[in-house]
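Below: one structure, written as structure tokens.
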Amino acid sequence: MRKALIHLPPHRETEEKYPLVIALHGGGGNGRRMVSLTLGKFNNLADKEGFIVVYPYGIGKNWNDGRENMPQRYKSHNRKTDDVGFISALIDSLIRKFSVDKNMVYVTGMSNGAMMAYRLAAELGGKIAAAAPVCGNIPADLLSTPKCPVAMLIINGTEDPLVPFDGGDIQIGNKKYGKLLSTARSVEIWTKNNQVSFKEEKFLPDKDPGDGCQVKETLYANPERSTEVVVLTIRGGGHTWPGGKQYLPERFIGKTCRDFNACEYIWLFFRKHQKEK
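This is the structure we're talking about:
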């Protein structure tokens with residue numbers, strides 16, 4: 000039996016169709032911890048903007064994001080754990096029960112949840128209009144070729160001590176937790192899949208000079224396609240949710256960027272995109 004935490008906007012009208020945001024927790028987390036990490040901002044936005052948020056729970060507090068050769072205690076990382084099937088069935092169920100607009104289904108996630116978001120975008124692209132992985136790159140073992148274009152927002156910190164910005168092994172202490180592609184390679188895969196090319200880049204306003212971070216926004220687009228790719232490179236940023244909770248001391252996870260709120264930026268990105276009807 001799988002579990003998910005669902006947040007519905009108040010005063011919901013049954014005859015209306017609502018966008019759906021799937022928010023995937025990181026390794027060792029759960030749905031409630033994802034709410035805590037984001038300081039409840041997705042729920043606040045859902046109430047204001049009128050969309051549904053679901054926080055699914057991974058088996059053993061982890062997602063089968065495609066990494067292999069994981070420590071044995073990570074029960075989710077085996078071929079028997081069909082998290083893609085679980086999320087697909089969850090989407091179908093929410094469409095039936097809560098008047099979800101099937102053309103406005105989105106997925107985001109943190110860390111292990113970000114890697115799972117990449118996998119879902121590749122394997123469930125027919126159901127997902129846009130994805131926003133945060134603090135994650137594509138697992139090197141994940142050989143799934145994207146089935147169709149999906150608008151992509153990629154948010155990574157250059158000083159992430161857990162997920163290497165330039166790719167390689169995820170290593171905590173003397174243990175390795177799989178290998179990742181670099182941020183650049185992850186971007187390359189999705190710009191090629193979406194048939195978009197570099198258009199422009201700029202720096203976001205440094206609203207909090209004391210956070211030690213600076214954000215570069217890079218846009219890849221095609222005037223004939225709506226499936227843009229946007230990359231937010233957080234110079235100095237750590238393994239953290241921008242604008243969210245500093246859930247561990249900086250010496251363990253790095254700096255939290257305060258120049259923008261990831262939930263707000265992600266929602267503004269999501270609401271621009273929908274699957275063709």
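Be aware that the sequence shown starts at 0, since it is given in numbering that gives the first Met the number 0, and climbs by one per residue.
Ideal Cβ positions, reconstructed from N, Cα and C, are used throughout, including at glycine.
Nothing here was measured: the structure is a model prediction, and the numbers come from that model.
{"Asked": "Nearest neighbour of GLY167, chosen from LYS174, ALA139, GLY156, ILE188 [CA to CA]", "Found": "ALA139"}
{"Asked": "Same chain, Cβ closer than 7 Å to SER35, five either side skipped, listed in chain order", "Found": "LYS244"}
{"Asked": "Close-in-space but distant-in-sequence residues of the same chain around ASP165 (CB under 6 Å, 5 per side omitted)", "Found": "SER181"}
{"Asked": "Through-space distance from ARG66 to GLY172, alpha-carbon basis", "Found": "18 Å"}
{"Asked": "Coarse secondary structure for ILE86, derived from DSSP in three states", "Found": "helix"}
{"Asked": "Of the residues ASN61, ALA121, PRO248, the one placed nearest SER87, counting alpha carbons only", "Found": "ALA121"}
{"Asked": "Rounded distance between the beta-carbons of ILE233 and ASN155, thought under 8 Å", "Found": "7 Å"}
{"Asked": "Per DSSP, the bridge partner or partners of GLY167", "Found": "LEU179"}
{"Asked": "Selection from PHE97, LYS16, GLY108, LYS101 that minimises the alpha carbon distance to TYR56", "Found": "GLY108"}
{"Asked": "Per-residue DSSP class, three states only, for LYS47", "Found": "helix"}
{"Asked": "Complete alpha helix (DSSP H) runs within the stretch 3 to 50 (minimum length 4 residues, chain order)", "Found": "30 to 36, 40 to 48"}
{"Asked": "Neighbour-count burial assignment, THR13, 16 or more Cβ in a 10 Å radius", "Found": "exposed"}
{"Asked": "CB contact flag (SER143, ARG118, <8 Å)", "Found": "yes"}
{"Asked": "Beta-bridge partners of ASN155, as assigned by DSSP", "Found": "THR232"}
{"Asked": "Host beta strand (DSSP E) of GLU200 (start-end)", "Found": "196 to 202"}
{"Asked": "Beta-bridge partners of ARG224, as assigned by DSSP", "Found": "ASN221"}
{"Asked": "Chain-order list of residues whose beta-carbon lies under 6 Å from that of HIS292 (same chain, five-residue window excluded)", "Found": "The shown model of the chain, from 0 to 276, leaves out residue 292, and the question about it has no answer."}
{"Asked": "Delimiting residues of the alpha helix (DSSP H) encompassing ASN102", "Found": "Taken as a continuous stretch (DSSP letters only), ASN102 belongs to no alpha helix (DSSP H), being part of the beta strand (DSSP E) at 99 to 109."}
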